[in-house]
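> First the structure, then my questions, so here it is.
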Amino acid sequence: MDHGREDAESSTPRHTATKKGKKEKKRLKRSNREQGDTPDELEPVLPVASTSREDVLRAALLASASGRFFEDVKFHAFSRRGRDGSVTTPLPVLANTSLLRKASSYFDYLFANAGFAESALVDIDAPYPSERPKVSTDYDYDSDSDLEEDGDDEDDAVVDFRAQSNSEDTTDTSGECSGREPKQAVGHELDDQGRACNGNGAQDASPSSEVRPSRRRGRVVFLDGVAHKTWKAFVLYAYLGDVSFAPLRSEGKASPPVVGIQQTPPCSPKSLYRLAERYDVESLKALCRQEIMKRLHPHNILQEVFSTFSSLYPAIQDLELEYLQHHINEQVIKDTLPVWIAALARGQLPASSERVISALILSRLPVAVKPNTKSCPNGCTTSTYYCQSCGMTF
451 MDHGREDAES
461 STPRHTATKK
471 GKKEKKRLKR
481 SNREQGDTPD
491 ELEPVLPVAS
501 TSREDVLRAA
511 LLASASGRFF
521 EDVKFHAFSR
531 RGRDGSVTTP
541 LPVLANTSLL
551 RKASSYFDYL
561 FANAGFAESA
571 LVDIDAPYPS
581 ERPKVSTDYD
591 YDSDSDLEED
601 GDDEDDAVVD
611 FRAQSNSEDT
621 TDTSGECSGR
631 EPKQAVGHEL
641 DDQGRACNGN
651 GAQDASPSSE
661 VRPSRRRGRV
671 VFLDGVAHKT
681 WKAFVLYAYL
691 GDVSFAPLRS
701 EGKASPPVVG
711 IQQTPPCSPK
721 SLYRLAERYD
731 VESLKALCRQ
741 EIMKRLHPHN
751 ILQEVFSTFS
761 SLYPAIQDLE
771 LEYLQHHINE
781 QVIKDTLPVW
791 IAALARGQLP
801 ASSERVISAL
811 ILSRLPVAVK
821 PNTKSCPNGC
831 TTSTYYCQSC
841 GMTF
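Read left to right, the sequence shown gives residues 451 to 844 (this note's numbering).
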């Protein structure tokens, strides 16, 4: 058998197929570019690992001026907690993948790995999938204060009633959004399906959108363990390097209202710390840790140090324990500490609470001194030694 001839003959159709494949690839790429959904547009405009956040943001904005969509990924996150403890009402957050990848290398892995559903390119303007549940009982952070409680429904009803009473001249183009005419809007938001609405809830409409459906391609991610408010704060942090914090629930204070479009909406520092820990964002963890410590007070320190959140993050609990030891003589702490010890005895506190009580007890015990060592007349339990040969104090 003439192997050389066989190889030569078999190479011909392969070469022809390769040429045809290249032509077909170019044709599809040109067609996709005309429709505005080429996957190449989702590639980062700069190597984010070696570029500053400001440069990544600038490059993304410049690319958007040339027709590339700034937002190329949509996240769905739960926003409310039902009376039965389940989480409900997933809402969308649009983001830029390059800025997210700059904030955390986790997103390099998430978006690049073909084994993940999040790496697929889909229509990010499509509504929330009907086959996906809008309620979950698997949310693993029961004390997340960034989830709205169902008790706020009455206030929402009042707002909806006022919005409807002011929209007599509005044409509802979708059957789901309502509000004033688009020309009166001062900004854009997303409804629960992820579509652009004006500031009063009316779905934006234009002649071009009626003639041609959206072809915006991107990635869609469904978040099961992060609140919508927390995730939105993280996206804005990835953009701006800035974040606004709400008071701790133990402070008993209401979150300040957001005034103007220049202010980022506040979120829980504990919820955001939890997210930063998950995605290994050290700079954000430091901001959250600093905010948590700033909000500690003798009136809430016991509630915080014995909380489920602190039991999950020993680095935070150690700082809170240090604060507690420094303020242990405060009368409010002396009065309420026995209540927490009793709760520990009944098994009502997280497992790490024993460590807190043990550290408190050990910190109050006198330090053992060597025999024949003179005691301080003021009652101090530590001692300092003086070397008569060299004069060193140690």
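Just so it is clear, CB atoms sit at the ideal spot from N, CA and C, and this is done for glycine as well. The model shown is predicted, which means the values in this text are computed figures rather than measured ones.
So what's P788 in DSSP terms, helix, strand or just coil?
Of the three classes helix, strand and coil, the one that applies to P788 here is helix, per DSSP.
> Of all the options D594, P579, D522 and F756, which has the alpha carbon lying nearest to the alpha carbon of P800?
The option with the nearest alpha carbon to P800 is F756.
> Could you check whether V523 and A553 sit closer than 8 Å to each other, using their CB atoms as the reference points?
Not closer than 8 Å, so no.
> Quick test of the definition: if touching needs 3 or more C-beta pairs under 8 Å, does the stretch 741-759 touch the stretch 716-725?
Short answer: they touch.
> In the structure shown, what three-state DSSP assignment does K703 receive?
Here K703 sits in coil by DSSP.
> Assuming R531 is part of the beta strand (DSSP E), what are its boundary residues?
Counting along the chain, the beta strand (DSSP E) containing R531 begins and ends at V523 to R531.
> Would F520 and A510 qualify as a contact pair, given that the criterion is a beta-carbon distance under 8 Å?
Cβ atoms of F520 and A510: closer than 8 Å.
> Within 8 Å of any Cβ in chain D, is that where the Cβ of K524 sits?
The chain inventory of the structure shown lacks chain D, comprising one protein chain alone.
> Tell me the DSSP bridge mates of L673?
Note: L673 sits in a beta bridge opposite A527.
> Within a Cβ cutoff of 7 Å, which residues of the same chain sit near R814, ignoring the five residues on either side of it in sequence?
Hits under 7 Å: none found.
> Going by the DSSP bridge assignment, what does V685 pair with across the sheet?
The partner list for V685 (beta bridge, DSSP) is empty, contrary to what the question assumes.
> Looking at R699 and F561, is the spacing between their C-beta atoms short of 8 Å?
Result no, Cβ atoms of F561 and R699 do not sit closer than 8 Å.
> Closest by CA to K679, which one among R518, Y689, F695 and G691?
Closest by alpha carbon: F695.
> Between L734 and Y687, is the Cβ-Cβ spacing less than 8 Å?
Yes. Within cutoff.
> Roughly how many angstroms separate the alpha carbons of S555 and Y729, rounded to a whole number?
Going from the Cα of S555 to the Cα of Y729 covers about 8 Å.
> So, helix, strand or coil for L549, using DSSP?
If DSSP states are grouped into helix, strand and coil, L549 belongs with the helices.
> Can you find the residues in the same chain that come closer than 6 Å, C-beta to C-beta, to F557, ignoring five residues on each side of it along the sequence?
Cβ neighbours of F557 beyond the five flanking positions: L550 and R551.
> Note the first and the last residue of the continuous alpha helix (DSSP H) segment covering H776.
Looking at the DSSP string, the run of the alpha helix (DSSP H) that includes H776 is P764 to H776.
> Which residue comes first and which comes last in the alpha helix (DSSP H) that contains S516?
No alpha helix (DSSP H) holds S516; DSSP gives it neither H nor E.
> Less than 8 Å between the beta carbons of I574 and R666, yes or no?
A contact, by the Cβ cut-off of 8 Å.
> Going by beta-carbon coordinates alone, are G675 and Y591 separated by less than 8 Å?
Going by C-beta atoms, G675 is nearer than 8 Å to Y591.
> For E504, which of helix, strand or coil comes out of DSSP?
Three-state DSSP puts E504 in a helix.
> My output table needs one value for S599: the three-state DSSP class, helix, strand or coil.
Residue 599 is actually Glu in this sequence, not Ser. Strand at E599.
> Ignore the nearest five residues each way along the sequence and tell me which others in F528's own chain have a CB closer than 6 Å to its CB.
Within the same chain, F528 has close Cβ partners V537 and P540.
> Within 10 Å of its beta-carbon, does K744 have 16 or more other beta-carbons around it, so buried, or fewer, so exposed?
K744 comes out exposed.
> Would you mind reading off the limits of the alpha helix (DSSP H) that contains R805?
Element bounds for R805: S803 to R814.
> Quick check on F520: does DSSP put it in helix, strand or coil?
Coil at F520, not helix or strand.
> If you draw a straight line from the C-alpha of L794 to the C-alpha of E599, how long is it?
Taking the straight line joining both Cα atoms gives about 28 Å.
> Assign R531 to buried or exposed, taking buried as 16 or more other Cβ atoms, counted over all protein chains shown, within 10 Å of its Cβ.
So R531 ends up on the buried side.
> Which residue or residues does DSSP assign as beta-bridge partners of R796?
Answer is none; R796 lacks a bridge partner.
> Would the stretch 578-588 and the stretch 714-721 be scored as touching if the rule is three or more Cβ pairs under 8 Å?
No contact exists between the stretch 578-588 and the stretch 714-721.
> Do I791 and I751 have their C-beta atoms closer together than 8 Å?
No, the Cβ-Cβ distance between I791 and I751 is not below 8 Å.
> My output table needs one value for N667: the three-state DSSP class, helix, strand or coil.
Looking at the sequence shown, residue 667 is not Asn but Arg. Strand at R667.
> Could you name the residues of the same chain whose beta carbon sits closer than 7 Å to that of L673, not counting the 5 residues immediately before and after it, in chain order?
Contacts found: F525, H526, A527 and W681.
> Determine whether the beta carbon atoms of L746 and V693 lie at a separation below 8 Å.
Going by C-beta atoms, L746 is not nearer than 8 Å to V693.
> Buried or exposed: which applies to D596, given that a residue is buried once 16 or more other Cβ atoms fall within 10 Å of its Cβ?
Counting Cβ neighbours within 10 Å, D596 comes out buried, since at least 16 surround it.
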